[in-house]
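To keep things clear, I will list the structure first and then write my remarks on it.
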């Protein structure tokens, strides 16, 4: 049996979900694949949603989700429970996405994300009126999917997932100023797209 | 504040990133500027719509099957300790291999030189000595080791992107040290293929390199 440090089980009775995660993670750390499957069932929806929004492509999102859970299984023995399991899985997803992007860039011999630097001089909202309806969730999802990858990542993590600037900076390694600029640009583009 | 607000100001207001005075000034501006108020309303509506997006989207039904097929069973005690190895221990292990190998090689070569007649020139390899061929028996053994090394190296290469750059650098440095130890033993062995101590050293160095590679492939990905 592998040597695993004890997993800290939260004491607050209010957070039953976190306690359940902790218990399942502890079993999975010791090699219980059934427990890991339960963790998957519990978190796959959120992770797949995140991956789908980050990648804007179903096939890539599927591969990324698969990668996240395989990596999570491998890294679970090192997981001490300082962060919530969801946060930890999200972090793995963002890392996996960044790795994937790096690999793609290497393969394509590109130095920078060209689409992030795409000319968008018309993005200014000066004079733009408020959309009568910001749109259905489907419209918004489509508009988010059409964003350049870098700004999409900032938007999804901040405005959809609710992570703070500091948390996103920690996950992505982005400087605060860069993150803020990407987030604002994403919002500009979305309002422009969703405006009638 | 007579000019229109910038989009950054509106975003900062929405994100609560303005101090009290700035926030008050921005809000005061929007009291009389319909255009900026309209832009702010659009931003607020976007924020509300984004926060209302579903948190979960059902993944494909068969995804778990693909994932479960890739889960490596947790190892037993020995491998558990292997998994607990960290990069520093890998580096230390490589140094131990190098030191042990060099010492043993020197010892073996020294012993051999002493028993040779004084007229026979010592054949200890210099640092620039060409790679000598091994006898068929040893070459075959080396081929087997090389196949194992290649397979593990492929696995490590595939995982390279998941490891921190500093970890990759340490692992590569450790492997270079291991390679150096192997090369040293190999050169000595090529000059003295019948020397059992050198054969054992040569095999041992390869096995240690394979062990290093195996442990490196088990390092946890950065999270």
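Residue numbers (our numbering), protein chains in the order written: chain A, 1 to 196; chain B, 197 to 419.
Even for Gly, the Cβ is constructed at its ideal location relative to N, Cα and C.
Here the C-alpha atom of residue 144 (chain A) lies approximately 7 Å from the C-alpha atom of residue 190 (chain A). Counting along the chain, the unbroken alpha helix (DSSP H) around residue 42 (chain A) starts and ends at 33-55. Listed along chain A is no residue with a C-beta nearer than 8 Å to that of residue 406 (chain B); the closest approach is about 20 Å. By the neighbour-count criterion, in which 16 or more other beta carbons inside 10 Å mark a residue as buried, residue 373 (chain B) falls on the buried side. Along the region 350-383 of chain B, the positions whose C-beta sits under 8 Å from a C-beta of chain A are 357 and 358, read in chain order.
The DSSP-derived three-state label of residue 379 (chain B) is helix. Between residue 184 (chain A) and residue 207 (chain B) a beta carbon distance of about 5 Å is seen, short of the 8 Å cut, so the two are scored as contacting. Apart from sequence neighbours up to five positions away, the residues of its chain that approach residue 44 (chain A) with a beta-carbon distance below 8 Å are 65 and 69, ordered along the chain. If you look at residue 149 (chain A), you'll find it in the alpha helix (DSSP H) that goes 149-155. By the Cβ neighbour-count rule, residue 151 (chain A) is buried, with 16 or more other Cβ atoms within 10 Å of its own.
Between the C-alpha atoms of residue 162 (chain A) and residue 51 (chain A) there is a straight-line separation of about 15 Å. Taking all protein chains in view, the Cβ of residue 34 (chain A) is surrounded by fewer than 16 other Cβ atoms within 10 Å, so the residue is classified as exposed. At a cut-off of 7 Å between C-beta atoms, residue 159 (chain A) counts as an interface residue with respect to chain B. Distance from the Cα of residue 358 (chain B) is smallest, within the candidate group B:404, B:385, B:412 and B:329, for B:412. DSSP places residue 175 (chain A) in the coil class of the three-state scheme, outside both helix and strand.
Residue 97 (chain A) and residue 55 (chain A) have their alpha carbons spaced roughly 8 Å apart. Below the 8 Å Cβ cutoff, chain A contributes 33 and 37 as neighbours of residue 264 (chain B), in chain order. Counting only Cβ-Cβ distances below 8 Å, residue 40 (chain A) has contacts in chain B at 260 and 263, in chain order. For residue 225 (chain B), the secondary structure class from DSSP, reduced to helix, strand or coil, is helix. Taking 7 Å as the cut-off, the beta carbon of residue 388 (chain B) is found closer than this to the beta carbon of residue 394 (chain B).
Where residue 234 (chain B) is concerned, the enclosing alpha helix (DSSP H) starts and stops at 230-247. Judged by DSSP in its simplified three-state form, residue 401 (chain B) adopts helix. DSSP places residue 338 (chain B) in the helix class (H, G or I) of the three-state scheme.
Rounded to whole angstroms, the gap between the alpha carbons of residue 201 (chain B) and residue 242 (chain B) is 18 Å. Per DSSP, residue 68 (chain A) is one residue of the alpha helix (DSSP H) stretching across 58-75.
Contact residues of the region 228-259 of chain B toward chain A are 231, 234, 235, 237, 238, 239, 241, 242, 243, 244, 245, 246, 247, 248, 249, 250, 251, 252, 253, 254, 255, 256 and 259 (C-beta to C-beta distance below 8 Å). In the three-state reduction of the DSSP assignment, residue 253 (chain B) falls in the coil class, being assigned neither a helical nor a strand state. Taking a C-beta distance under 7 Å as the contact criterion, residue 253 (chain B) and residue 48 (chain A) qualify as a contact pair. If you draw a straight line from the Cα of residue 67 (chain A) to the Cα of residue 267 (chain B), it is about 11 Å long.
About 31 Å separates the beta carbon of residue 37 (chain A) from that of residue 246 (chain B), a gap too long to meet the 8 Å contact definition.
Taken atom to atom, the span from the alpha-carbon of residue 335 (chain B) to that of residue 361 (chain B) is near 35 Å.
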